[in-house]
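Participant: Here the protein sequences line up with chains A and B, keeping their order.
Going by the numbering used here, the first sequence opens with residue 3, and the numbers climb by one from there.
Going by the numbering used here, the second sequence opens with residue 3, and the numbers climb by one from there.
The beta-carbon is built from N, C-alpha and C at its ideal position, and this holds for glycine as well.
Here it is: the structure, laid out below.
Protein chains: 2
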Amino acid sequence: MYLPKRFIDLAARLGGLPGIGPKAADRLVFYLLDQSEEDVQELADALVAARKEIRFCRQCGNFTQDDLCEVCQDVSRETQLLCVVEEIRDLAAIERTGAYHGLYYVLHGRIDPIARVGPAELQLNLLTERVVAGHIREVIIATNPNFNGDITAMYIAKLLMPMGVRVTRIATGIPKGSDLEFADMFTLTQALEKRTDVET
Amino acid sequence: MYLPKRFIDLAARLGGLPGIGPKAADRLVFYLLDQSEEDVQELADALVAARKEIRFCRQCGNFTQDDLCEVCQDVSRETQLLCVVEEIRDLAAIERTGAYHGLYYVLHGRIDPIARVGPAELQLNLLTERVVAGHIREVIIATNPNFNGDITAMYIAKLLMPMGVRVTRIATGIPKGSDLEFADMFTLTQALEKRTDVET
Chain A
3 MYLPKRFIDL AARLGGLPGI GPKAADRLVF YLLDQSEEDV QELADALVAA
53 RKEIRFCRQC GNFTQDDLCE VCQDVSRETQ LLCVVEEIRD LAAIERTGAY
103 HGLYYVLHGR IDPIARVGPA ELQLNLLTER VVAGHIREVI IATNPNFNGD
153 ITAMYIAKLL MPMGVRVTRI ATGIPKGSDL EFADMFTLTQ ALEKRTDVET
Chain B
3 MYLPKRFIDL AARLGGLPGI GPKAADRLVF YLLDQSEEDV QELADALVAA
53 RKEIRFCRQC GNFTQDDLCE VCQDVSRETQ LLCVVEEIRD LAAIERTGAY
103 HGLYYVLHGR IDPIARVGPA ELQLNLLTER VVAGHIREVI IATNPNFNGD
153 ITAMYIAKLL MPMGVRVTRI ATGIPKGSDL EFADMFTLTQ ALEKRTDVET
């Protein structure tokens with residue numbers, strides 16, 4: 003106990019955050035104690051303000067400080083195209099590509115038989131209401147291409163297809179820039195099965 | 003701009019901290035928004051309290067919430083043994099070994115000719131006063147074994163030796179558990195020159 007209690011307390015809290023180990027936490031405290039009181043106060047205020055003011059978009063489940071999120075408020079979006087994702091971080095990943103211009107629906111979860119999460123926990127009635135009320139033309143299911151994501155996709159597809167909406171699934175295959183020799187056998191099998199004609 | 007302003011602001015602040023890149027910052031914000039308001043408030047309070055209440059020990063320059071730090075207040079310490087380090091993080095590294103039971107003097111810097119930091123900037127008169135007033139028997143200079151640390155050590159040694167105190171320098175050599183073949187030539191040269199007799 004060669005360091006004051008406040009130091010140890012802050013380091014323990016920072017060390018409990020994801021991706022920050024005990025050594026990195028100590029280094030952060032050393033750094034923060036070297037900053038001005040104003041800067042540290044501003045960081046603390048930013049933490050509290052973010053947690054207090056950020057909520058879920060009423061329409062799509064994205065983060066927002068308002069009633070509707072930036073995406074739902076954006077009038078340039080294709081409003082008849084809906085992308086279903088498991089988490090907001092997946093929405094963020096898709097937005098970073100700049101390749102998608104439709105709207106979203108965030109499930110905030112997935113069907114997970116081992117964790118006993120079934121369709122009932124996902125409030126899928128909000129999704130079906132949205133598809134009807136939003137005159138959605140196509141639903142792109144972008145849940146993760148793993149066991150839970152795939153069964154979630156299958157369940158949602160079966161739920162929505164009778165409603166006359168086009169339901170698609172993001173493509174799986176060999177990632178761009180990677181090597182065939184390092185691809186796992188399931189991915190490589192999928193890539194062979196879902197091969198596409200070469201366009202010249 | 004698919005995420006609210008508060009999110010982006012907090013992620014930018016966290017991403018400005020050492021060891022936290024933009025992706026890790028985003029992940030931290032996602033995590034923090036998933037915690038209770040109370041937990042985030044407590045983290046913010048811990049930040050502000052640490053910065054406000056932690057100051058430098060009047061005697062040795064370590065962090066403390068009091069006038070004297072935990073080490074200086076510890077009556078079980080060898081009070082005639084003084085270890086000089088550049089920064090508090092060096093003191094922390096030595097404390098973690100559990101191998102040292104004396105007191106410390108933190109320079110909060112080092113002589114650095116390129117950055118135009120000379121002996122005058124280090125307030126070494128506080129060190130000499132301490133050596134006299136503390137009846138110090140031995141001063142272990144544990145500045146870093148690099149160019150700036152070595153000239154700082156040399157300067158301090160020349161300053162203190164006329165005062166009749168024993169002045170020592172931490173050993174340099176091949177780190178325990180490492181391979182000779184990967185040691186740099188300066189370290190290996192030092193390790194040869196400073197070889198010690200084998201005790202059986």
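Can you name the residues that DSSP bridges to residue 100 of chain B?
Facilitator: Looking up residue 100 of chain B in the second sequence gives position 98. Answer by DSSP bridge pairing: none, since residue 100 of chain B is not bridged.
Participant: In this structure, does DSSP put residue 130 of chain A in helix, strand or coil?
Facilitator: Counting from one through the first sequence, the residue named residue 130 of chain A turns up at place 128. Residue 130 of chain A sits in a helix when the DSSP states are folded into three classes.
Participant: Can you look up residue 172 of chain A in the DSSP assignment and give me helix, strand or coil?
Facilitator: In the first sequence, the residue the question calls residue 172 of chain A occupies position 170. Three-state result, residue 172 of chain A: coil.
Participant: Determine, using beta carbons only, whether residue 124 of chain B and residue 105 of chain B come nearer to each other than 8 Å.
Facilitator: Residue numbering aside, residue 124 of chain B sits at position 122 when the second sequence is read from its first letter. Residue numbering aside, residue 105 of chain B sits at position 103 when the second sequence is read from its first letter. Their beta carbons are not under 8 Å apart, which means residue 124 of chain B does not touch residue 105 of chain B by this criterion.
Participant: If distances are taken between C-alpha atoms only, which option among A:44, A:40 and A:17 comes closest to residue 31 of chain A?
Facilitator: Reading the first sequence from its first residue, position 29 is the one you call residue 31 of chain A. Nearest of A:44, A:40 and A:17 to residue 31 of chain A, Cα basis: A:17.
Participant: Start and end of the alpha helix (DSSP H) containing residue 124 of chain A?
Facilitator: As a working note, residue 124 of chain A is residue 122 in the first sequence. No alpha helix (DSSP H) contains residue 124 of chain A, which DSSP labels as neither H nor E.
Participant: Whole angstroms are fine: how far does the CA of residue 135 of chain B sit from the CA of residue 164 of chain B?
Facilitator: Counted from its first residue, the second sequence places residue 164 of chain B at position 162. Counted from its first residue, the second sequence places residue 135 of chain B at position 133. Distance between the alpha carbons of residue 164 of chain B and residue 135 of chain B is about 16 Å.
Participant: DSSP state of residue 189 of chain B, grouped into three classes?
Facilitator: Indexing the second sequence from 1 puts residue 189 of chain B at position 187. Looking at residue 189 of chain B - three-state DSSP - the assignment turns out to be helix.
Participant: Mind pulling the chain A residues with CB within less than 7 Å of residue 9 of chain B?
Facilitator: Taking the first residue of the second sequence as 1, we reach residue 9 of chain B at position 7. Within 7 Å Cβ-Cβ: 52, 56 and 65.
Participant: Are the beta-carbon atoms of residue 206 of chain A and residue 169 of chain A separated by less than 8 Å?
Facilitator: No answer is possible for residue 206 of chain A: it lies beyond the span of chain A, which begins at 3 and ends at 202.
Participant: Looking at residue 35 of chain B and residue 52 of chain A, is the spacing between their C-beta atoms short of 8 Å?
Facilitator: Sequence index remark: in the first sequence, residue 52 of chain A carries index 50 (1-based). Sequence index remark: in the second sequence, residue 35 of chain B carries index 33 (1-based). Yes, they are a contact pair.
Participant: With respect to the alpha helix (DSSP H) encompassing residue 43 of chain B, which residues constitute its N-terminal and C-terminal limits?
Facilitator: Numbered from 1 along the second sequence, position 41 holds the residue referred to as residue 43 of chain B. 39-55 is the extent of the alpha helix (DSSP H) around residue 43 of chain B.
Participant: Thinking just about the alpha-carbon of each residue, which of A:60, A:130, A:116 and A:175 is nearest to the one in residue 153 of chain A?
Facilitator: Counting from 1 along the first sequence, the entry for residue 153 of chain A is found at position 151. Nearest C-alpha to residue 153 of chain A: A:116.
Participant: What's the gap between the Cα of residue 111 of chain A and the Cα of residue 182 of chain A?
Facilitator: For the purposes of this step, residue 111 of chain A is taken as the residue at position 109 of the first sequence. For the purposes of this step, residue 182 of chain A is taken as the residue at position 180 of the first sequence. If you take the alpha carbons of residue 111 of chain A and residue 182 of chain A, they lie about 31 Å apart.
Participant: What first and last residue would you give for the beta strand (DSSP E) that runs through residue 81 of chain A?
Facilitator: Stepping through the first sequence from its first residue, residue 81 of chain A is reached at position 79. For residue 81 of chain A, the uninterrupted beta strand (DSSP E) run begins and ends at 80-87, by DSSP.
Participant: Quick check on this structure: which residue in B:92, B:187, B:97 and B:68 has the alpha carbon closest to the alpha carbon of residue 79 of chain B?
Facilitator: Your numbering for residue 79 of chain B matches position 77 in the second sequence. Here the closest residue by C-alpha is B:97.
Participant: Spell out whether any CB of chain A is found under 8 Å from the CB atom of residue 60 of chain B.
Facilitator: Here residue 60 of chain B refers to the residue found at position 58 of the second sequence. It does not: the Cβ of residue 60 of chain B has no partner Cβ on chain A nearer than 8 Å.
Participant: Residues of chain B with CB closer than 7 Å to the CB of residue 97 of chain A, please, in chain order.
Facilitator: Taking the first residue of the first sequence as position 1, residue 97 of chain A is located at position 95. Simply 4.
Participant: What residues in the stretch 27-47 of chain B have a beta carbon less than 8 Å from any beta carbon of chain A?
Facilitator: 28, 29, 30, 31, 32, 33, 34, 35, 37, 39, 42, 43, 44, 45, 46 and 47
Participant: Can you give me the C-alpha to C-alpha distance between residue 157 of chain B and residue 8 of chain B, rounded to a whole angstrom?
Facilitator: What you label residue 157 of chain B is simply residue 155 of the second sequence in a count that begins at 1. What you label residue 8 of chain B is simply residue 6 of the second sequence in a count that begins at 1. Answer to the nearest angstrom: the Cα atoms are 50 Å apart.
Participant: Given a cut-off of 8 Å on the beta-carbon distance, is the pair residue 132 of chain A and residue 82 of chain A in contact?
Facilitator: For the purposes of this step, residue 132 of chain A is taken as residue 130 along the first sequence, with counting starting at 1. For the purposes of this step, residue 82 of chain A is taken as residue 80 along the first sequence, with counting starting at 1. The answer is no: Cβ separation not under 8 Å.
Participant: Can you give me, in chain order, the residues of the stretch 66-89 of chain B that have a beta carbon less than 7 Å from any beta carbon in chain A?
Facilitator: 66, 67, 72 and 73
Participant: Does DSSP put residue 92 of chain A in a helix, in a strand, or in coil?
Facilitator: Indexing the first sequence from 1 puts residue 92 of chain A at position 90. Three-state result, residue 92 of chain A: helix.
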